[in-house]
Amino acid sequence: MRWLLVKDFQILRRSPLLVALLVAYPIALALMIGFALSSPPGKPKVAFLTQVPPGQGRIHFGSQEINISSYAKDLFASIQPIIVHSQAEAMADVRSGRALAAVIVPADIPQQIQSLVTTGVGSPTVQVILNSNDPLERQFADQAIKARLNDVQQAVSKQVLHVAVADLQQVLNGGTIQFLGQNFRLLGLRNSRALVQRAIAELPASSPLRSSLGQVVGFADLAIQGLGFASPVLGSIGTPLAVQQTELAGKTTPAATYAATISVIFSLMLVTMLLAAGMLALEREEHAFARLVRGLVSPSALLAEKVVLAGGCATLAALVMSAGISSFVSLAWSRFPLWVVALAAAGIAFGALGVAIGGLAREVRAASLLAFMLSLPIAFIALVPTAAVSGTLKSALDTVAFIFPFKPALDATNNAFSGTAPGIGWPLLHLIGLAVAFGILARAAVRRLA
Amino acid sequence: MPATAATRRATLAARSLTKRYGDRTALNAVSFEIYSGELVAIIGPNGAGKTTLLSILAGIQSPSEGEVSTPAGKVGWVPQQPAIYSKLSVAENLRLFARLEKLPDPDAAVEKMLDLTELRDRARDEVGRLSGGNQQRVNVAVGLLCEPAALLLDEPSSSLDPRQRERLWGFIGPTGLGGRGTTVAYSTHDVLEAEHYADRVLVLADGELLFVGTPGELERAVGGNPRDFEVAFVRFLDEHGH
Numbered sequence: 001m002r003w004l005l006v007k008d009f010q011i012l013r014r015s016p017l018l019v020a021l022l023v024a025y026p027i028a029l030a031l032m033i034g035f036a037l038s039s040p041p042g043k044p045k046v047a048f049l050t051q052v053p054p055g056q057g058r059i060h061f062g063s064q065e066i067n068i069s070s071y072a073k074d075l076f077a078s079i080q081p082i083i084v085h086s087q088a089e090a091m092a093d094v095r096s097g098r099a100l101a102a103v104i105v106p107a108d109i110p111q112q113i114q115s116l117v118t119t120g121v122g123s124p125t126v127q128v129i130l131n132s133n134d135p136l137e138r139q140f141a142d143q144a145i146k147a148r149l150n151d152v153q154q155a156v157s158k159q160v161l162h163v164a165v166a167d168l169q170q171v172l173n174g175g176t177i178q179f180l181g182q183n184f185r186l187l188g189l190r191n192s193r194a195l196v197q198r199a200i201a202e203l204p205a206s207s208p209l210r211s212s213l214g215q216v217v218g219f220a221d222l223a224i225q226g227l228g229f230a231s232p233v234l235g236s237i238g239t240p241l242a243v244q245q246t247e248l249a250g251k252t253t254p255a256a257t258y259a260a261t262i263s264v265i266f267s268l269m270l271v272t273m274l275l276a277a278g279m280l281a282l283e284r285e286e287h288a289f290a291r292l293v294r295g296l297v298s299p300s301a302l303l304a305e306k307v308v309l310a311g312g313c314a315t316l317a318a319l320v321m322s323a324g325i326s327s328f329v330s331l332a333w334s335r336f337p338l339w340v341v342a343l344a345a346a347g348i349a350f351g352a353l354g355v356a357i358g359g360l361a362r363e364v365r366a367a368s369l370l371a372f373m374l375s376l377p378i379a380f381i382a383l384v385p386t387a388a389v390s391g392t393l394k395s396a397l398d399t400v401a402f403i404f405p406f407k408p409a410l411d412a413t414n415n416a417f418s419g420t421a422p423g424i425g426w427p428l429l430h431l432i433g434l435a436v437a438f439g440i441l442a443r444a445a446v447r448r449l450a
Numbered sequence: 451m452p453a454t455a456a457t458r459r460a461t462l463a464a465r466s467l468t469k470r471y472g473d474r475t476a477l478n479a480v481s482f483e484i485y486s487g488e489l490v491a492i493i494g495p496n497g498a499g500k501t502t503l504l505s506i507l508a509g510i511q512s513p514s515e516g517e518v519s520t521p522a523g524k525v526g527w528v529p530q531q532p533a534i535y536s537k538l539s540v541a542e543n544l545r546l547f548a549r550l551e552k553l554p555d556p557d558a559a560v561e562k563m564l565d566l567t568e569l570r571d572r573a574r575d576e577v578g579r580l581s582g583g584n585q586q587r588v589n590v591a592v593g594l595l596c597e598p599a600a601l602l603l604d605e606p607s608s609s610l611d612p613r614q615r616e617r618l619w620g621f622i623g624p625t626g627l628g629g630r631g632t633t634v635a636y637s638t639h640d641v642l643e644a645e646h647y648a649d650r651v652l653v654l655a656d657g658e659l660l661f662v663g664t665p666g667e668l669e670r671a672v673g674g675n676p677r678d679f680e681v682a683f684v685r686f687l688d689e690h691g692h
């Protein structure tokens, strides 16, 4: 096997384009993923037009005032605003592609909100114009704007509720309100009830007013009780639900680490499968296979050599890639020996799959194409969250993910990188089992085509 | 000239060799012997079973029935297409196979083959850059590395031009390997190569061995006065219903 390995390295050394591709591909992928993960999400450029005249963005509610213009900064937190001065200018920016979308705040929006809050009638509407040429960009801008508009909506709603609760408190307890620039004292229900109770106490026992005033006190009691409940209820409407999250699976992987692991395994899979399938097919393309297995090496040894070659090269490339990614994403260097074990096991399993593919093809191009075409759906299916589908499809996806090495390789490497659940033992056993199974398949394939 | 039957020793022998692929019979009860130092050509039309017969003699395939007797030393095998690595140099190819053959001194074997093939000045050239004729010489040299008692070649000249063929037969034929006492069996489509270089010919058609003898005996077997060996061969096949 040693001389076959030497021979394959000699051949690889004389194929600089292939080697450059095998080395550059994981490094480039690592850098791209690293930059993508470490960079903050971009903000879509959005043309912003407010038709509300300066100083007119205030609504009055009870004794208080809300300045809705102050919420614009919340919207600007997730967009890159291009301030425009007319609707035509906003539309032109969207059409030309200078802005992905436009947000237009109409002049009457304070009045519409005021009317809705005080009378329940009114439809405050913000106009959003999207560029529909690129569906992905359109979705990106749409989500960014809608998410922030929802935040603004919730903030305004909370402020209105806050004002309403404060006014209710004044109705209950009394206080001072401003109206037309003058302060007015508000008696409040509780004070009113006390006054009436004192008046009843001073009335003669036979006074017919006692019964009527007693009804007023009874009504005041009910009203105080009801409004006493109303305040906390109104206060809770703004945020009615709180979420308490508990992880049953133990320590979980940060999303960035998981994404990095996926990229490492994907690169390892491509390099291993292409190399194993291609180098085995090369033996056939060069017509050397029959000469080799005619007593010089056994078919099993030849297959094992290709698995070791491809798995070893890919493991090395994956380790380099992981080291590169660790500059951007947190990976547990203290678990480095487990990195090697997990990536080597994955390399061997993918290598066995690669030689099974190479055993079916008579030439390098066919083997490479077959390996490439198979690797994409293998990764895709393993990454589909099976909880998102149901029934037969879920079973099918689970089965496909089980019979190919991507999922166990991902689990093992994920654990090696961050020590997260599930453990590394079962995925490693799974990978070894798959390596044996694909090795047997490869042996059958080369025997059939010998 | 080959020795008489009484004094000859069989180097390769096939007894009732039969090979079936499903319902198709590629070889049907083929028996013959090839003697030490002989050059034997296996000729026949397309699909006659020539490659199958050589593959079984080389141990690449096993027969469905019958048995093969090979010499105590190894049997060298030279497939039709050069089975060498085009990205490796001539010397690297020879060294690789010498090591895989577990020869005691691979470098000495490489030197010997470079001399034998007269490719010493091309030793460092990648095989992919050599002419078809030189590639075939390297291909044959790999088959000879283990110093086999018998060498089997499957259509060794099929992809070569006339000049390359002449050089190749100079290397393999009676003035080359044949003259050094190596038993050589080769298949060919070119019956004139069989007539010129072979001591004896085996004629195969549809998996059956129709004739074993010298080219002259084949000409005499069809009677009359054929213009040349090729005409005699075609007439022979016609007479046997092929």
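Going down the list, the protein sequences come from chains A and B. For the first sequence, the positions run 1 to 450 when my numbering is used. For the second sequence, the positions run 451 to 692 when my numbering is used. Backbone N, C-alpha and C define an ideal beta-carbon position, used for all residues, glycine too.
Query	Result
Which first and last residues belong to the alpha helix (DSSP H) in which D557 of chain B is found?	P556 to T567
So the alpha helix (DSSP H) V156 of chain A belongs to, where does it begin and stop?	P135 to N173
Does R14 of chain A get closer than 8 Å to chain B when you measure Cβ to Cβ?	yes
If we call anything under 8 Å between Cβ atoms a contact, is G312 of chain A one with A367 of chain A?	no
Could you tell me the boundaries of the alpha helix (DSSP H) in which S267 of chain A lies?	A255 to E285
Give the C-beta separation of L642 of chain B and V634 of chain B to the nearest angstrom, bearing in mind that I take them to be a contact with Cβ-Cβ under 8 Å.	So it is not a contact: roughly 17 Å between Cβ atoms.
Which of the three DSSP states is assigned to A455 of chain B in this structure?	Residue placement at A455 of chain B is flagged as unreliable, the pLDDT there being 48, under the threshold of 50; the coordinate-derived value follows with that caveat. Three-state DSSP puts A455 of chain B in coil, outside helix and strand.
How many Å lie between D678 of chain B and A533 of chain B at the Cα?	34 Å
Touch check for the region 391-404 of chain A and the region 317-329 of chain A: three-plus C-beta pairs under 8 Å?	no
Determine, using beta-carbon pairs with one atom in the region 480-500 of chain B and one in the region 647-663 of chain B, whether at least three such pairs fall under 8 Å.	yes
Going by the beta-carbon positions, is the gap between A401 of chain A and A382 of chain A smaller than 8 Å?	yes
Quick one: residues in its chain with C-beta nearer than 7 Å to the C-beta of S581 of chain B, no 5 flanking neighbours on either side, listed in chain order?	Q614
Can you give the beta carbon distance from Y535 of chain B to E286 of chain A, rounded, assuming they're within the 8 Å contact cut?	5 Å
Would you kindly work out how many angstroms separate the C-alpha atoms of A476 of chain B and A464 of chain B, rounded to a whole number?	15 Å
Hey, is K469 of chain B's beta-carbon within less than 8 Å of any beta-carbon in chain A?	no
Do the CB positions of I59 of chain A and I104 of chain A come within less than 8 Å of each other?	no
What separation, rounded to the nearest whole angstrom, lies between the Cα atoms of S599 of chain B and G526 of chain B?	The displayed chain sequence assigns Ala, not Ser, to residue 599 of chain B. One C-alpha to the other measures close to 8 Å.
Just to make sure I have the definition right: I need the residues of chain B whose C-beta is within less than 8 Å of the C-beta of L360 of chain A. Which are they?	By Cβ distance, chain B contributes nothing, its closest Cβ being about 19 Å from L360 of chain A, past 8 Å.
Under the three-state reduction of DSSP, which class applies to Q56 of chain A: helix, strand or coil?	coil
State the start and end residues of the unbroken alpha helix (DSSP H) segment that holds D640 of chain B.	Premise fails: D640 of chain B is in no alpha helix (DSSP H) and is neither H nor E.
On the three-state DSSP scale, how would you describe L431 of chain A?	helix
Using a Cβ cut-off of 8 Å (strictly closer), state whether V307 of chain A contacts chain B.	no
Kindly identify the DSSP beta-bridge partner or partners of N452 of chain A.	There is no way to answer for residue 452 of chain A, as the model of chain A reaches only from 1 to 450.
With three or more beta-carbon pairs closer than 8 Å as the criterion, would you say the region 415-422 of chain A touches the region 266-282 of chain A?	no
Using DSSP with H/G/I as helix, E/B as strand and the rest coil, what is D678 of chain B?	coil
For chain B, is any of its Cβ atoms less than 8 Å away from the one on Q139 of chain A?	no
Quick one: which residues of the region 546-564 of chain B get their C-beta closer than 8 Å to a C-beta of chain A? List them in chain order.	L546, F547, R549, L550 and E551
Among B:A508, B:S514 and B:I492, which has the Cα closest to the Cα of R474 of chain B?	B:S514
Just to make sure I have the definition right: I need the residues of chain A whose C-beta is within less than 8 Å of the C-beta of G526 of chain B. Which are they?	Under the 8 Å cutoff, chain A gives no residues; its nearest Cβ is about 10 Å from G526 of chain B.
Restricting to Cα atoms, I'd like to know which of B:R630, B:P495 and B:D640 is closest to S607 of chain B.	B:D640
Near V590 of chain B, what residues of its chain come up, given a Cβ to Cβ distance below 6 Å and the 5 sequence neighbours on each side ignored?	V528
Take W619 of chain B as the anchor and find which of B:E597, B:C596 and B:N584 has the nearest alpha-carbon.	B:N584
Taking only the alpha-carbon atoms, compute the straight-line gap between R294 of chain A and G509 of chain B and give it to the nearest angstrom.	7 Å
On a CA-only basis, which of A:V389, A:L303, A:W339 and A:F48 is nearest A442 of chain A? Give me that one, please.	A:L303
Inspect the beta-carbon positions of V19 of chain A and L29 of chain A and report whether they are closer than 8 Å.	no
Going by beta carbon distance, what residues of the same chain come within less than 8 Å of V176 of chain A, once the five residues before and after it are set aside?	One point to set straight first is that residue 176 of chain A is Thr, not Val, in the sequence displayed. Excluding residues within five positions, the ones whose Cβ falls inside 8 Å are N183, F184, R185 and L186.
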